[in-house]
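For reference, the structure discussed in these notes is given below.
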Amino acid sequence: MTSAFAPALAGFGTGLSLIVAIGAQNAFVLRQGVRRDAVLAVVGICALSDALLIALGVAGVGAVVVAWPAALTVVGWIGGAFLLGYGALAARRVVRPAGTGLQTAGDATRSRRRAVLTCLALTWLNPHVYLDTVFLVGSVAADHGPARWTFGVGAALASLCWFAVLGFGARLLGRFLARPAAWRVLDALVAVTMIVLGVTLVAGA
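Going by the working numbering, the first residue of the sequence shown is number 1, and it counts up by one from there.
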């Protein structure tokens, strides 16, 4: 039973590590949550978008591996290198923090339509989201072979849980995430997770 859930847990941890970072999308979701403005719509867009992109990554990279088994080695090296790079950047933020937490100040989003359009832009016009969800999650998922879709489900659930907590728990999380020390702890966890995953991918390539 434990082995059956292992890929899902691995996907959950990977997805959470990639999504938990100070960025425009997280700042927007938190800001909407603090103001209680179109929270359900914003959380739904972010979670569904990530689920779709993760599915594309798992299907695309997985299909390439099935058609060309040697691609798993290439994907392992490239994906591992990216994960190690991301881990190094997170570790750098721990050692040399920016000095500010996640800011929620700014102009209020007064309409649901504007909130939805802003959320879509922050999600689909961000090039990093494709690297994270399509390539990185897809490459790590491919390493799980037949269980790659279970891994993908875990990653999608991580996205849903994170955005739900960030949006609906914003009133409680706002003060905590505004502290630079809180993000140093999160960055430390992200760095460790990414570096371990990166080493695993490279070693197995």
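We put the CB at the ideal spot given by N, CA and C, even for glycine.
Under the 10 Å beta carbon count, A155 is surrounded by 16 or more other beta carbons and is classified as buried. Distance check between A188 and each of R93, C46, A170 places R93 closest, using alpha-carbon atoms only. Within the same chain, Cβ atoms closer than 8 Å to the Cβ of A91 are found at D187, A188, A191, I195, the five residues on either side in sequence being excluded.
As the crow flies, the alpha-carbon of F168 is around 6 Å from that of G33. Nearest C-alpha to T200 among A70, W77, A67, G57: W77. Contact annotation: L18 and L136 have beta-carbon atoms nearer than 9 Å. Residues of the same chain with a CB within less than 6 Å of the CB of G80, apart from the 5 flanking positions on each side, are G198, L201, V202 in chain order.
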